[in-house]
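Numbering (our numbering), first residue to last: 1 to 484.
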């Protein structure tokens, strides 16, 4: 679809607005950021193998959480300001969606490489299909005329080779998330936001020609034929300021989906997030949940009848939260009347055969990852900083071994972990559920340390690449956990 060219002034204004909110300094500790767990994925072919993405790197457990090994960002291939989405297939291949392209490891983390089929395209998101073999990847390419080419790529059954599906699905949408329906691989959803003065949005009557940059609407792109053709739907309440992220698609009904909307940064009040629910593939939505915190976790039970929402604090000074609302909330579908089951920081949720994995917070509950086997009422601690064994043991000279042995000394001390290579003591004093109140943070992030400067360099791609980076750099850190 052709688009009227956006005036340079409006594009610059949009970039300035987003820059102010999303590149504010984060509270610092490891790697210049508050140490926090963000996403946990389970290897479907080997459920004992866990992968945890955190603000200070990546950890992997070979034994269902008893022991954890550290991987630095440099070994994986992304920088310290990125939080790439992870996905793992049943043959054990781990994928990471990065500004540097699609990153993969097939040897449990000892070596990573960029996928040659996807190349250097900015990889916005990825999702593993219901067969646990095929992988979908959402990429963006900035064009000299200021447009973006949004594409979906799909792997073969061996999760090895990728090819684009059809042509570009949009030239005026900044893509945020992608999800296939687990029960129907031909049903694919993509969420994003359109430019200010998008011709398509103006023609649809959802955007005024003189609208401000922050009013540009959120969209849901829907395909029912495996990505060959796409329909455009507009998400109520979603804009550039209130960004929409697909939380999950129902495991057996491709028309039922959930969209999380993340509110803008705040100066004096708490941020807010809300959850939208659709039973007709996105034609209509209704709001079912809203709280003054960031919705950092989301999961569905295996039958899709129970919905779990995790509210947390990103420890970003521009995103203050109401500490009294943090925790796990659950509801039965389709009435979706939520009640809180667990109190405290939640930064990811992942449903699995073993139970519900929960990312907690060292500052409030004393551990980083727990496992709930009672529907989110309680959780058994699995990982805290002091359980890291240090850099992943790989053959001498492998990329991960060389990169992370050099990085570990700058991380271990800040995390309060022994810097001696080898397994640390495995003692735990934490219990869960946590107290009903959350201690206030210090202004410096609760660590008493200085806040170092952060590398906020956008990916390459000229003015178009810079605008894309400004829009999604912070948002990527706060999007939903992957449904598994």
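Where is the CB? At the ideal position from N, CA and C, for every residue including glycine.
If you're wondering where the values come from, they're calculated on a predicted model, not measured in any experiment.
Neighbourhood of residue i by C-beta, 7 Å cutoff - its chain only, sequence neighbours within 5 removed
{"i": "residue 77", "result": "98, 100, 103, 112, 114"}
{"i": "residue 382", "result": "65, 369, 370, 371"}
{"i": "residue 332", "result": "305, 306"}
{"i": "residue 139", "result": "118, 121, 122, 123, 124, 151, 153"}
{"i": "residue 353", "result": "47"}
{"i": "residue 400", "result": "71, 75, 109, 110, 111, 392, 394"}
Cβ-based burial, residue i [other Cβ within 10 Å; buried from 16]
{"i": "residue 131", "result": "exposed"}
{"i": "residue 163", "result": "exposed"}
{"i": "residue 156", "result": "exposed"}
{"i": "residue 87", "result": "buried"}
{"i": "residue 143", "result": "exposed"}
{"i": "residue 396", "result": "exposed"}
{"i": "residue 524", "result": "The requested residue 524 does not occur in the structure, where the chain is confined to residues 1 to 484."}
{"i": "residue 119", "result": "exposed"}
{"i": "residue 284", "result": "exposed"}
{"i": "residue 172", "result": "buried"}
{"i": "residue 268", "result": "exposed"}
{"i": "residue 158", "result": "exposed"}
{"i": "residue 286", "result": "exposed"}
{"i": "residue 490", "result": "The shown model of the chain, from 1 to 484, leaves out residue 490, and the question about it has no answer."}
{"i": "residue 374", "result": "exposed"}
{"i": "residue 406", "result": "exposed"}
{"i": "residue 413", "result": "exposed"}
{"i": "residue 295", "result": "buried"}
{"i": "residue 147", "result": "buried"}
{"i": "residue 192", "result": "buried"}
{"i": "residue 44", "result": "buried"}
{"i": "residue 167", "result": "exposed"}
{"i": "residue 223", "result": "buried"}
{"i": "residue 228", "result": "exposed"}
{"i": "residue 334", "result": "exposed"}
{"i": "residue 410", "result": "exposed"}
{"i": "residue 303", "result": "exposed"}
Beta-carbon contacts of residue i that lie in its chain and below 8 Å, excluding the five residues immediately before and after
{"i": "residue 242", "result": "218, 261, 262, 263, 264"}
{"i": "residue 270", "result": "292, 293, 320, 321, 322"}
{"i": "residue 248", "result": "179, 257, 258, 298, 299, 300, 480, 483"}
{"i": "residue 385", "result": "35, 362, 368, 415, 416, 417"}
{"i": "residue 280", "result": "255"}
{"i": "residue 403", "result": "72, 74, 75"}
{"i": "residue 184", "result": "254"}
Backbone secondary structure at residue i - three-state DSSP
{"i": "residue 408", "result": "helix"}
{"i": "residue 179", "result": "strand"}
{"i": "residue 369", "result": "strand"}
{"i": "residue 184", "result": "strand"}
{"i": "residue 413", "result": "helix"}
{"i": "residue 403", "result": "helix"}
Cut-off 6 Å between Cβ atoms - residues of its own chain near residue i, not counting five sequence neighbours on either side
{"i": "residue 508", "result": "A question about residue 508 goes unanswered here, because the residues of the chain that appear run from 1 up to 484."}
{"i": "residue 424", "result": "Note that residue 424 has pLDDT 45, beneath the 50 cutoff, so the model's placement of it is unreliable and no number is given."}
{"i": "residue 290", "result": "274"}
{"i": "residue 68", "result": "59, 61, 383, 387, 388"}
{"i": "residue 356", "result": "372, 376"}
Hey, which unbroken runs of the beta strand (DSSP E) at 3 residues or more fall wholly within the segment 119-147? 122-128, 135-142
Would you list, in sequence order, the uninterrupted beta strand (DSSP E) runs of no fewer than 3 residues that lie entirely inside the segment 59-121? 68-71, 85-88, 94-98, 101-105
Three or more C-beta pairs below 8 Å linking the segment 37-53 and the segment 390-406: no
Does the pairing of the segment 58-75 with the segment 121-138 give three or more beta-carbon distances under 8 Å? no
Contained beta strand (DSSP E) runs [length at least 3] in the segment 312-365, N- to C-terminal order: 327-332, 339-343, 348-352, 355-361
Can at least three beta-carbon pairs, one atom from the segment 32-45 and one from the segment 351-366, be found at a separation below 8 Å? yes
Suppose only complete runs of 3+ residues qualify. What are the beta strand (DSSP E) ranges in the segment 223-301, listed by chain order? 231-239, 243-249, 257-262, 273-278, 286-291, 294-300
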